[in-house]
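**Student:** Heads up: the sequence lines are chains A and B, in that order. Going by this note's numbering, the first residue of the first sequence is number 1170, and it counts up by one from there. Going by this note's numbering, the first residue of the second sequence is number 1170, and it counts up by one from there.
Protein chains: 2
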Amino acid sequence: MPGDPKLPFDPIERASELWTKHIGDPTSMRLATSIMRVQQLIIAELDAALKPYGITFARYEVLVLLSFSSTGRLPLSKIGERLMVHPTSVTNAMDRLEAQGLVKRVADIEDRRRTFAELTPEGEAVLAKATKQIMSIDFAINGLDAEQQDRTYDLLRSLRSSAGDFSEG
Amino acid sequence: MPGDPKLPFDPIERASELWTKHIGDPTSMRLATSIMRVQQLIIAELDAALKPYGITFARYEVLVLLSFSSTGRLPLSKIGERLMVHPTSVTNAMDRLEAQGLVKRVADIEDRRRTFAELTPEGEAVLAKATKQIMSIDFAINGLDAEQQDRTYDLLRSLRSSAGDFSEG
């Protein structure tokens, strides 16, 4: 974690050696553990980079998604679906973003049960600055060139596909 | 998320296309996003597999670490360091595990400020069953053979190393 004293050895390699000694093949254990660790490192760096703009990466993702919509708005249900997060998480992110004046909720006049989210001009301005900032740190992806990044992405995509993350091949 | 309706397309690929169209090179964005998604999938599957044993993966990791110790006990501070988690997380995990009778806290007679964690016989029994269960699902790593898993591990290790996760090379 940021701020922790750095260990003079790789704790996942160490765990891997101990696993081999006490239990057996460490292949899947060390990969699972390292995915969780890399996720922690990335989210911590992204959240820190976005802090000056008053948003987290989870809220940044909502802003980006809205900006990609051709109509400038999306139903809340679609936001959860696309970001693969629970409806409660979308509600929480929306509450914060709305309180900050970065998005607004708009009732669907054709279907009163449905609510749209819409970027405000202030939201667009914050999004532009946040995107610049996040691109300047390369989305917290360090130490891999573009080709290695694509290779990692493809390997993780096989994993997502096998876990049933989406239904096309 | 488990239980969510499966999308007929890969939302990260879709986000990647939209990013290319509206912003630019999607390489690091889609890798960062997919690492976060894979982490979600893995932790959900691991936690579900461990549910019958009354523990989460975070608590399972504490049990494993204690079982690897040659003395059968570890100072709480070392647990946090090795699992790369905040001291508060160790305290929470220990509180739960102790209430379940799977570990116990033991005062260090040489240094009263220090507390050890120790596996109970019940903790050892649960750990053995949990490990069997988790190995049977290959640590929730699906769709990659051993060679691909090692390749992914090595790529992510470069990323961890560059992010300053440990100080040796």
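C-beta atoms are modelled at their ideal positions from N, C-alpha and C, and glycine is treated no differently. As the structure is a prediction and not an experimental result, all values here were calculated from the model.
#1: Should lysine 1220/B be flagged as near chain E, meaning a C-beta pair shorter than 7 Å?
#2: Would you call the CB atoms of leucine 1339/A and leucine 1245/A closer than 7 Å?
#3: Who are the near neighbours of glutamate 1186/B in its chain, counting only those whose CB is closer than 7 Å to its CB and skipping five residues on each side?
#4: Answer yes or no: do leucine 1313/B and leucine 1328/A have a C-beta to C-beta separation smaller than 7 Å?
#5: For the beta strand (DSSP E) that contains lysine 1273/B, what are its first and last residues?
#6: Check whether the region 1200–1217 of chain A touches the region 1247–1254 of chain A, counting contact only when three or more Cβ pairs, one atom from each stretch, lie closer than 8 Å.
#7: For chain B, check one thing: does any of its Cβ atoms lie closer than 7 Å to the Cβ of glutamate 1186/A?
#8: For a contact defined as C-beta to C-beta under 8 Å, what are the partners of valine 1320/B on chain A?
#9: Could you tell me if leucine 1275/B is buried or exposed, where buried requires 16 or more neighbouring beta carbons within 10 angstroms of its beta carbon?
#10: By how many angstroms is the C-alpha of methionine 1263/B removed from the C-alpha of methionine 1263/A?
#11: Quick one: using the 10 Å Cβ neighbour count with 16 as the cut-off for buried, is aspartate 1277/A buried or exposed?
#12: So, using beta-carbon positions, are leucine 1232/A and alanine 1309/A closer together than 7 Å?
#13: For glycine 1223/B, I'd like the list of residues in its chain whose CB is within less than 8 Å of its CB, leaving aside the five on either flank, ordered along the chain.
#14: Suppose contacts are defined by Cβ-Cβ distances below 7 Å. Is serine 1336/B in contact with proline 1177/A by that definition?
#15: Going along chain A, which residues have a C-beta under 7 Å from alanine 1299/B?
#16: Under 8 Å Cβ-Cβ, which residues of chain B neighbour alanine 1201/A?
#17: What residue does the alpha helix (DSSP H) around proline 1290/A start on, and which one ends it?
#18: What is the DSSP secondary structure of leucine 1176/A, reduced to helix, strand or coil?
#19: Exposed or buried, which one is arginine 1199/B when buried takes at least 16 other CB atoms within 10 Å?
#20: Express the C-alpha separation of arginine 1183/A and glutamate 1287/B in angstroms, rounding to a whole number.
#21: Threonine 1257/B by DSSP, collapsed to three states: which one?
#22: Return helix, strand or coil for arginine 1242/A, following the three-state DSSP convention.
**Tutor:** This is what the structure holds:
#1: Of the chains in the structure shown, none is chain E; the protein chains are A and B.
#2: One cannot answer for residue 1339/A here, as it falls past the ends of chain A, which runs 1170 to 1338.
#3: none
#4: yes
#5: 1272–1276 is the extent of the beta strand (DSSP E) around lysine 1273/B.
#6: no
#7: Glutamate 1186/A does not count as touching chain B.
#8: A quick correction: the sequence has arginine, not valine, at residue 1320/B. Arg1320 and Leu1324, listed in chain order.
#9: Note that residue 1275/B is valine in the sequence shown, not leucine. Exposed is the call here.
#10: 34 Å
#11: exposed
#12: no
#13: Excluding positions up to five away in sequence, the list reads Gln1269 and Val1295.
#14: yes
#15: What alanine 1299/B touches in chain A: nothing, since even the nearest Cβ is about 12 Å away.
#16: Ile1211, Leu1215, Phe1308, Ala1309 and Ile1310
#17: 1290–1305
#18: strand
#19: Result: buried.
#20: 20 Å
#21: helix
#22: The answer is strand: DSSP assigns arginine 1242/A an E or B state.
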